[in-house]
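**Student:** Quick mapping for you: the protein sequence lines, in order, are chains F and P. Read the first sequence against the working numbering and you will find it ends at 384, with the numbers running on by one and no gaps. Read the second sequence against the working numbering and you will find it ends at 384, with the numbers running on by one and no gaps. For each residue, glycine too, the CB sits at the ideal point set by N, CA and C.
Protein chains: 2
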Amino acid sequence: MQDFTFHNPTILDFGKDKEQQIGQHLANFGAKKVLITFGSNRIKSDGLFDKVVASLAKHSIQFVECGGIVSNPLLSKVKDGIEIARSNQVDTVLSIGGGSVLDSSKAIAAGAMYDGDVWDLFIGKSAITTALPVFDILTLAATGSEMNCGAVVTNEKTKQKYAINAPALFPKVSVVNPVLMQTVTKDYLVYSAADVIAHSIEGYFTASVQPHFQSRLVESIIKTVMETTELLIADPMNYGARSEFAWASTQALNGLIYSGTAGFSYPNHMIEHSLSALYNVPHGAGLSVVMPAWMKWYHTKNPAQFTRFAKEVFGVSTALEGIAALENWFNKIGTPTKLGQFGIAKSELPVIIENVLGNASYFGIGEIYTAEVSTEILNNAF
Amino acid sequence: MQDFTFHNPTILDFGKDKEQQIGQHLANFGAKKVLITFGSNRIKSDGLFDKVVASLAKHSIQFVECGGIVSNPLLSKVKDGIEIARSNQVDTVLSIGGGSVLDSSKAIAAGAMYDGDVWDLFIGKSAITTALPVFDILTLAATGSEMNCGAVVTNEKTKQKYAINAPALFPKVSVVNPVLMQTVTKDYLVYSAADVIAHSIEGYFTASVQPHFQSRLVESIIKTVMETTELLIADPMNYGARSEFAWASTQALNGLIYSGTAGFSYPNHMIEHSLSALYNVPHGAGLSVVMPAWMKWYHTKNPAQFTRFAKEVFGVSTALEGIAALENWFNKIGTPTKLGQFGIAKSELPVIIENVLGNASYFGIGEIYTAEVSTEILNNAF
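1. Any beta-carbon of chain P closer than 8 Å to the one on Lys174/F?
2. For a contact defined as C-beta to C-beta under 7 Å, what are the partners of Ile13/P on chain F?
3. Among the residues of its own chain, which have a CB less than 7 Å from the CB of Leu289/P, if the five just before and after it don't count?
4. Count Cβ pairs between the region 201 to 212 of chain P and the region 173 to 193 of chain P that sit closer than 8 Å; are there 3 or more?
5. Would you check if the distance between the CB atom of Ile110/F and the CB atom of Leu37/F is smaller than 8 Å?
6. Since Lys225/F contacts Arg218/P with CB under 8 Å, what's their CB separation in whole angstroms?
7. Let me make sure I understand the geometry here. Which of Tyr260/P, Ser251/P, Ala243/P has the alpha-carbon closest to that of Val386/P?
8. Taking Cβ to Cβ, would you say Gln4/P is nearer than 8 Å to Gly262/P?
9. By how many angstroms is the C-alpha of Met228/P removed from the C-alpha of Gly146/F?
10. Starting from Ala153/P, trace the beta strand (DSSP E) both ways and give me its first and last residue.
11. Rounded to a whole number of angstroms, what is the C-alpha to C-alpha distance between Gln343/F and Thr131/F?
12. Which residue marks the beginning of the beta strand (DSSP E) containing Tyr268/P, and which one marks its end?
13. Below 8 Å between beta carbons: does that hold for Leu140/P and Met115/P?
14. Taking contact to mean at least 3 C-beta pairs separated by less than 8 Å, is the region 20 to 35 of chain P in contact with the region 369 to 376 of chain F?
15. Would you mind telling me which residues of chain F sit closer than 7 Å to Met3/P, beta carbon to beta carbon, in chain order?
16. Using the DSSP secondary-structure output, state which residues sit across from Asp15/P in a beta bridge.
17. Is it buried or exposed, Ser222/F, if we count other Cβ atoms within 10 angstroms and call 16 or more buried?
18. Report the option in Asp93/F, Gly336/F, Lys81/F, Ile24/F whose CA atom is closest to the CA atom of Lys60/F.
19. Three-state secondary structure (DSSP) at Glu369/P?
20. Under 7 Å Cβ-Cβ, which residues of chain F neighbour Thr141/P?
21. Run through the DSSP bridge pairs and tell me what Asp138/P is partnered with.
22. My assumption, with CB atoms under 8 Å, is that Val66/F sits in contact with Asn90/F. Please give the rounded CB distance.
23. Return helix, strand or coil for Tyr164/F, following the three-state DSSP convention.
24. Using 8 Å as the threshold, is the C-beta distance between Ala143/P and Phe51/P below it?
25. Bridge partners for Lys35/P per DSSP, in chain order?
26. Are there 16 or more other CB atoms within 10 angstroms of the CB of Glu374/P, so buried, or fewer, so exposed?
27. Any residues in the region 208 to 222 of chain F with a beta carbon nearer than 7 Å to a beta carbon of chain P? Which ones, in chain order?
28. From which residue to which residue does the alpha helix (DSSP H) around Gln212/F run?
29. When the cut-off is 8 Å and only beta carbons count, does Glu229/F lie next to chain P?
30. Taking Val136/F as the reference, which of Asn150/F, Ser107/F, His9/F, Gly324/F has the closest Cα?
31. In chain order, which continuous runs of the alpha helix (DSSP H) of length 4 or greater are located wholly inside the region 243 to 306 of chain F?
32. Closest to Gln216/F by C-alpha separation, out of Leu182/F, Ala295/F, Gln253/F, would be which residue?
33. In three-state terms, what does DSSP make of Phe384/F?
34. Within the same chain, show all residues whose beta-carbon is closer than 6 Å to that of His1/P, passing over the 5 residues directly before and after it, in chain order.
35. Just reading off the alpha helix (DSSP H) that Glu329/P is part of, what are its end residues?
36. Check the Cβ-Cβ distances between Ser261/P and every residue of chain F, and say whether any is below 8 Å.
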């Protein structure tokens with residue numbers, strides 16, 4: 003195993019009605035005035051917002067709002083949030099939503115404490131040394147953002163979907179109530195499943211040091227996501243399945259499965275970020291297109307692990323059978339596997355490749371993902 | 003899944019030479035004067051103690067010593083440590099050793115801040131609200147104490163092996179360098195394997211709410227421990243196996259596999275604590291005796307999970323075949339499976355049962371583990 007330091011300070015408060023404790027959690031950390039971030043106004047019509055406000059009121063915590071955050075969240079909105087945070091002198095950010103709202107909230111939290119353009123923090127022009135404390139009530143399980151210190155935001159002007167990472171961005175408390183996820187649409191459920199599987203397999207297949215134990219944890223996550231996704235398609239109200247899906251999703255990107263591994267990269271995310279940045283495709287849907295295409299190109303570079311995947315996850319014998327089984331499963335649950343399903347024509351390829359090459363450099367894998375290789379992978383997706 | 007709150011604040015610094023960073027870790031938390039706890043003088047002859055002292059000196063951290071802690075650690079020694087900690091006004095405890103040293107250190111850390119008899123904290127007479135900060139350099143992987151807030155100590159006067167648990171007892175930083183474990187004897191390696199398996203299966207078999215994902219994590223830990231134990235018996239210097247064993251051992255008792263489960267108990271530990279308290283048998287060795295005996299009695303109470311265990315871990319079909327396979331594996335690696343291997347005769351049974359009944363009450367499972375049931379289980383171990 004590779005040397006590592008594991009430290010995940012987030013308090014994860016998991017279960018029914020846990021959002022009603024958010025005021026107490028905020029008070030425990032001394033919050034007095036909170037920026038509440040969210041997406042659509044659905045949280046106002048379904049009563050969640052009122053519950054949160056009532057919990058804050060119990061602890062005399064004031065709040066201001068920043069709503070309207072979209073999936074594949076935008077830099078412009080982050081800048082709006084920073085402005086609201088500053089002009090109202092909030093001391094804390096509370097995200098109510100899924101990964102897009104939470105990632106935006108992390109960027110707002112960092113940007114509010116930084117004396118320059120927040121995009122500097124995404125392009126490495128400046129490091130994140132401090133941030134407003136971030137709390138969240140999660141309404142969609144997929145990104146793992148509730149228990150990690152990363153965030154991804156799209157700069158809509160430059161068409162760059164880039165990331166920040168810093169210990170200051172670990173949420174202080176994440177509230178995960180699977181009941182709040184029961185209204186997630188079937189589309190977003192299956193996109194989320196693809197996202198969690200993508201988080202799991204990036205290191206599993208690409209790491210030069212990949213301990214068996216870590217592989218077993220990854221397989222446990224993938225099997226759980228597959229099992230619970232099918233149960234949730236059949237019955238969205240299945241609380242057991244919903245909660246296992248959420249907990250497995252958290253474990254896929256909270257540092258656990260990457261501890262002790264080395265030499266891994268995130269090529270599927272790298273390519274998908276181009277699709278999201280250019281065409282605003284849902285992140286998970288983009289990933290279910292990219293993964294089989296990438297695997298068909300990559301499997302010969304790590305044949306033993308692909309054979310292991312085929313056997314352990316799908317009970318089939320060969321790498322290609324395993325890849326086909328995953329693609330079939332994506333088709334079965336109804337998440338896209340071809341670019342045409344987004345209406346992206348082959349004539350778009352040069353535009354995508356140009357963006358991918360920028361991402362590949364940003365992800366530190368530009369030497370591997372050349373124009374030729376990226377074209378070969380993307381051609382597998384047409 | 004059951005509602006839960008997951009929060010594990012320990013910084014785990016894992017890998018080669020990491021003990022040389024201990025001074026920096028202590029300085030990060032403001033330590034000025036440290037009580038170094040340890041077992042035998044081996045850490046002085048093998049150079050580890052000198053390395054630690056050099057690291058402390060770099061940060062001008064003073065220290066006093068409390069050596070001589072034994073396995074199945076004793077309350078009397080904890081009291082000695084508290085006295086040394088108080089009279090020298092240390093601000094921090096640094097454990098160098100395995101679970102026994104670390105558990106003693108936690109008890110010293112709590113006791114030093116408590117104005118009464120430290121045993122009060124074990125018998126629930128008083129709660130632990132504060133403790134000196136605990137750091138550790140782990141030299142034996144088994145107990146998981148490096149990433150949890152529990153500790154077990156034996157009161158040699160009352161023959162009670164009891165526990166404390168409190169968030170204040172999470173180690174601030176645990177240094178896990180698998181190289182330091184390469185000199186663990188073969189006996190203690192196999193006892194440790196049994197201990198980790200015991201931590202994994204208590205909840206797995208007894209929980210009334212046991213999500214599939216949590217079962218998969220448990221099976222991943224057990225398979226890894228079995229695989230790496232065999233590799234380490236063949237070659238104690240196998241760093242990859244040593245590190246996977248250590249990391250799996252940590253995961254077995256850091257809260258991960260018990261999150262979202264409910265209604266579980268620790269009957270194997272409950273019974274084993276009597277064997278350790280009465281006959282000073284190594285904890286892991288006692289567990290490898292108790293587990294098959296307990297399983298033979300318990301399996302009909304949770305047949306589906308025992309069948310699952312048989313299939314997933316050993317590739318056999320029935321609960322009884324799975325239990326036999328585990329017992330055979332214990333025999334193969336050389337950890338005891340019968341009480342006679344400790345020289346305990348059947349005539350001792352009344353003495354053991356009396357102690358077990360006290361433990362059963364302490365563990366909150368006295369209604370299940372009556373004299374009759376306990377006798378039946380222990381008879382399976384003769």
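**Tutor:** So, from the data block:
1. no
2. Thr7, His9
3. Ala196, Asp197, Ala200, Asn270, Glu274
4. no
5. yes
6. 6 Å
7. This structure cannot settle anything about residue 386/P, because the visible part of chain P is limited to 3 through 384.
8. yes
9. 30 Å
10. 152 to 157
11. 42 Å
12. It is not in any beta strand (DSSP E) - Tyr268/P carries neither H nor E in the DSSP assignment.
13. no
14. no
15. Gly242, Ser245, Glu246, Trp249
16. Thr7/F, Val177/P
17. buried
18. Ile24/F
19. coil
20. By Cβ distance, chain F contributes nothing, its closest Cβ being about 17 Å from Thr141/P, past 7 Å.
21. Ser97/P, Ser176/P
22. 5 Å
23. strand
24. no
25. Gln64/P
26. exposed
27. Pro213, His214, Phe215, Arg218, Leu219, Ser222
28. Careful: Gln212/F lies outside any alpha helix (DSSP H) and carries neither H nor E.
29. yes
30. Ser107/F
31. 269 to 281, 285 to 300
32. Gln253/F
33. coil
34. Outside the shown range of chain P, which is 3 to 384, sits residue 1/P, and nothing can be said about it.
35. 321 to 335
36. yes
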